[in-house]
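So the protein sequences, as listed, match chains A and B.
Everything in the first sequence is counted per my numbering, starting at 5 for the first residue and increasing by one.
Everything in the second sequence is counted per my numbering, starting at 5 for the first residue and increasing by one.
Cβ atoms here follow ideal geometry from the backbone N, Cα and C, with glycine treated the same way.
There are 2 protein chains.
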Amino acid sequence: MTQSNSSGAETAANGASLFTLPEPLVFRSGAELAGVQLAYETFGTLASDKSNAVLICHALTGDSHVAASTRDGQEKPGWWDEYVGPGKPVDTNRFFVICSNILGSCYGSTGPASLNPATGEPYGLDFPVVTITDMVRAQRELVRHFGITRLCAVLGGSLGGMQVLEWAARYPEMVAAAVPIATTTRHSAQAIAFNEVARQSVISDPNWKQGGYYGGPAPDLGLAVARMIGHITYLSDESMHVKFGRNLQNREHLSFNFETDFQVESYLHHQGRKFVQRFDANSFLYVTKAADYFDLELEKPESYAAQAFAASDTRFLVISFTSDWLYPSYQSKGLVAHLQRTGRDVSFCDITEKWGHDAFLLPNNHFADILGGFFRHVR
Amino acid sequence: MTQSNSSGAETAANGASLFTLPEPLVFRSGAELAGVQLAYETFGTLASDKSNAVLICHALTGDSHVAASTRDGQEKPGWWDEYVGPGKPVDTNRFFVICSNILGSCYGSTGPASLNPATGEPYGLDFPVVTITDMVRAQRELVRHFGITRLCAVLGGSLGGMQVLEWAARYPEMVAAAVPIATTTRHSAQAIAFNEVARQSVISDPNWKQGGYYGGPAPDLGLAVARMIGHITYLSDESMHVKFGRNLQNREHLSFNFETDFQVESYLHHQGRKFVQRFDANSFLYVTKAADYFDLELEKPESYAAQAFAASDTRFLVISFTSDWLYPSYQSKGLVAHLQRTGRDVSFCDITEKWGHDAFLLPNNHFADILGGFFRHVR
Chain A
5 MTQSNSSGAE TAANGASLFT LPEPLVFRSG AELAGVQLAY ETFGTLASDK
55 SNAVLICHAL TGDSHVAAST RDGQEKPGWW DEYVGPGKPV DTNRFFVICS
105 NILGSCYGST GPASLNPATG EPYGLDFPVV TITDMVRAQR ELVRHFGITR
155 LCAVLGGSLG GMQVLEWAAR YPEMVAAAVP IATTTRHSAQ AIAFNEVARQ
205 SVISDPNWKQ GGYYGGPAPD LGLAVARMIG HITYLSDESM HVKFGRNLQN
255 REHLSFNFET DFQVESYLHH QGRKFVQRFD ANSFLYVTKA ADYFDLELEK
305 PESYAAQAFA ASDTRFLVIS FTSDWLYPSY QSKGLVAHLQ RTGRDVSFCD
355 ITEKWGHDAF LLPNNHFADI LGGFFRHVR
Chain B
5 MTQSNSSGAE TAANGASLFT LPEPLVFRSG AELAGVQLAY ETFGTLASDK
55 SNAVLICHAL TGDSHVAAST RDGQEKPGWW DEYVGPGKPV DTNRFFVICS
105 NILGSCYGST GPASLNPATG EPYGLDFPVV TITDMVRAQR ELVRHFGITR
155 LCAVLGGSLG GMQVLEWAAR YPEMVAAAVP IATTTRHSAQ AIAFNEVARQ
205 SVISDPNWKQ GGYYGGPAPD LGLAVARMIG HITYLSDESM HVKFGRNLQN
255 REHLSFNFET DFQVESYLHH QGRKFVQRFD ANSFLYVTKA ADYFDLELEK
305 PESYAAQAFA ASDTRFLVIS FTSDWLYPSY QSKGLVAHLQ RTGRDVSFCD
355 ITEKWGHDAF LLPNNHFADI LGGFFRHVR
């Protein structure tokens, strides 16, 4: 759904700006799609020499609203307000920050819920399978649209970190600094397993109808279970113990039935219910598949990433969190070791933190100091 | 379903013997149920002084067939053949081994799929919620039926280990040695979370019909996803990497669709499909709930378990596996520390093994040696 803002430019339903790719996008699968749009927002001011741009890549189900802004007189918080904004570690008084909704998502960028101009109906499963490569290829067109030839930095966590690595591997000449956070160079068997079970939960919902549920009831029950699975992987054993333990939810005794006994159950139900109100089930299938397909194949000297990293002058800051078991620290350490072997400029921080994978989205002074310190010397 | 064997005794459909509790079973919830049956098998010969009995407790979806036996001329392997049988670590030439299907399961013991004599229909959700306490209470009646007043040992892994601990806490005078393996004294928030998501997958299947699906299509799709979730928790990151990595399944290239790309996906699909053919969906809800409710509350001096352990003469052998993240080693270590503080006779082995929680079911020489060594000195 698109509309126009006061200046006449096209905007997405959520108020983000819309950029239409000038040429059809060629996907890694070979598919081509014309009229691809990215919903994006910017924060700060682009320098006249265009030397202060920072691209932030969001995670699985995020959107372009990375930092707070005022719209229609209302302050709208951003998903990374802790770390991005005026005077923040990524300081929008200095940097021009771009964040775009990923291809295949449902926050304004073209995805399976978008209308297929050939049919006038949503694409559904006719939408091409999206890879991290395709996401980054589309983002690159947006960056070029601003006339930017080199980004001060590309940063992001989780699926956003995969995009960061893909940027550094595909377009090293455009990336002065890369900051992959809480991420991996290859989706592990365990991470694929969680995503596949989540997808099967959606696909098993009779409302899914091979992706053709638009206009009818959506596969909410299946998608809610899928999200609940995800949430377990975003937390850690310790953080779940600290947050919930075995505390009961609004009751003094066990129920001895199959209703909600424990707070952790109530939390997961809540997360499931919230998610189906905000996210498209087919988009969920597409973005999880993109994660599963991600593999830089660094162990193969002929891989595009190994070749790019061997020749690159990109500076790397790699950050992991000790309690992240979805993309455990050892995976970041493997990347760092590879970059060091090829002689790259790489810093690495494995931040001691109990909150699991989610830590990159939560307040953390140490993380803020590291990011802030790095960005003071960017540009 | 019951039938009679050649000796006229009642047997379950799977050939196990059936024992009917002489009195109504009083559940922890307060519910009472008359005519409760346990399906059980025995291996070896009970000594005339009844001093050589060992009780083995099976895990979540196991059955009474712990060791190999010949039936109708056919050798039928047992689920713990590695460790139980003639000349095995738990040597059935010496010990009389009893294994019974847990209350609430679907391998011959009374559970939600059993006929409710009051209605002539399966109980469904009218079956009382089962706890580990109730399972053990029923097992105790079976043990007493043999005239056994003291068991040489009670052992089992996972949910079976919870039963072992419950035996040692409720009936310490009947337990000479307790061997809890790959288990915990309290189900953690993370473990509850996995179970609840799995249950929600079943409950969200429209065929589930509040548990009233008997006679119609079963909630197979939801139960398959539930089992897939479970299987991820039974393996480890490392074992999934070793077994599957990112290997593709019967294809040379990524599919760029939502069919099966990776071997790990194919493995999970297979596990899901197999499981729905052998297990009842309602039983799955009941046995996972029993696990979630399990908490010995050892930190409370007034808890039944803390009091029993403080006074018990039961010998303990506690075994954990280093890569088990469902019931991590630290949980076994907590139990061991508690038992040591109360002056108990306790041995502990944290076995270095990459196969995750499943390790207790797999061949492992070290595990066999430890079990065998312990049982040589039992009785």
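Following the DSSP letters along the chain, one finds residue 222 of chain A in no alpha helix (DSSP H), marked with neither H nor E. Close partners of residue 245 of chain B in chain A (Cβ separation under 9 Å): 192, 193 and 194. When the alpha-carbon of residue 301 of chain A is set against those of A:335, A:262, A:103 and A:65, the nearest one is in A:335. For residue 176 of chain A, the three-state secondary structure derived from DSSP is helix. Secondary-structure assignment with DSSP links residue 320 of chain B through a beta bridge to B:182 and B:350. Residue 330 of chain A and residue 357 of chain A have their C-alpha atoms roughly 14 Å apart.
A:37 is the residue among A:360, A:37, A:325 and A:368 whose C-alpha sits nearest the C-alpha of residue 120 of chain A. Among the residues of the region 229–255 of chain B, those with a Cβ less than 7 Å away from any Cβ of chain A are 229, 232, 233, 236, 241, 244, 245, 248, 249 and 250, in the order of the chain. Note on geometry: alpha-carbon atoms of residue 92 of chain B and residue 381 of chain B lie some 14 Å from one another. Relative to the Cα of residue 254 of chain B, the nearest Cα in the group B:244, B:220, B:112 and B:266 belongs to B:266. Here the C-alpha atom of residue 283 of chain B lies approximately 28 Å from the C-alpha atom of residue 27 of chain B. Residue 272 of chain A and residue 291 of chain B have their C-alpha atoms roughly 20 Å apart. Residue 344 of chain B carries a helical assignment under DSSP once its states are collapsed to helix, strand and coil.
Residue 107 of chain B and residue 105 of chain A have their alpha carbons spaced roughly 51 Å apart. According to the DSSP secondary-structure assignment, residue 120 of chain A is paired through a beta bridge with A:125.
In the DSSP assignment, residue 238 of chain B forms no beta bridge with any residue.
Using beta-carbon distances, residue 170 of chain A does not count as an interface residue toward chain B, since no partner is under 8 Å. The region 183–193 of chain A makes no contact with the region 229–237 of chain A, as fewer than three CB pairs between them are under 8 Å. The C-beta distance from residue 59 of chain B to residue 143 of chain B rounds to 7 Å, short enough to fall under 8 Å. Between residue 101 of chain A and residue 47 of chain A, the CB-CB gap stays under 8 Å. The C-alpha of residue 18 of chain A is placed about 14 Å away from the C-alpha of residue 78 of chain A. Residue state for residue 82 of chain B is assigned as coil, using DSSP reduced to three classes.
Taking the beta carbon of residue 133 of chain B as reference, the chain A residues within 7 Å of it are 260 and 261, listed in sequence order.
Using beta-carbon distances, residue 272 of chain A counts as an interface residue toward chain B, with a partner under 8 Å.
Relative to residue 275 of chain A, the option among A:218, A:14 and A:224 whose CA is nearest is A:224. In terms of beta-carbon proximity, residue 183 of chain B stays away from the interface with chain A, with every pair separated by 8 Å or more. About 5 Å separates the CB atoms of residue 227 of chain B and residue 206 of chain B; that is less than 8 Å, so the two are in contact.
For residue 100 of chain B, the uninterrupted beta strand (DSSP E) segment begins and ends at 100–104. Here residue 197 of chain A is actually not in contact with residue 319 of chain A; their C-beta atoms are around 34 Å apart, not less than 8 Å. Distance from the CA of residue 16 of chain B to the CA of residue 103 of chain B, rounded to the nearest whole angstrom, comes to 14 Å. Interface flag for residue 80 of chain A against chain B is unset, since no Cβ pair is found closer than 8 Å. Taking residue 268 of chain B as reference, the option from B:251, B:281 and B:176 with the minimal CA-CA separation is B:251. Burial is judged here by how many other beta carbons sit within 10 angstroms of a residue's own beta carbon; residue 328 of chain A has at least 16 and is buried. When secondary structure is reduced to three states using DSSP, residue 158 of chain A falls in the strand class. Checking the DSSP bridge columns, you'll see residue 95 of chain A partnered with A:89. For the options A:41, A:68, A:117 and A:383, the alpha carbon positioned closest to that of residue 216 of chain A is the one of A:117.
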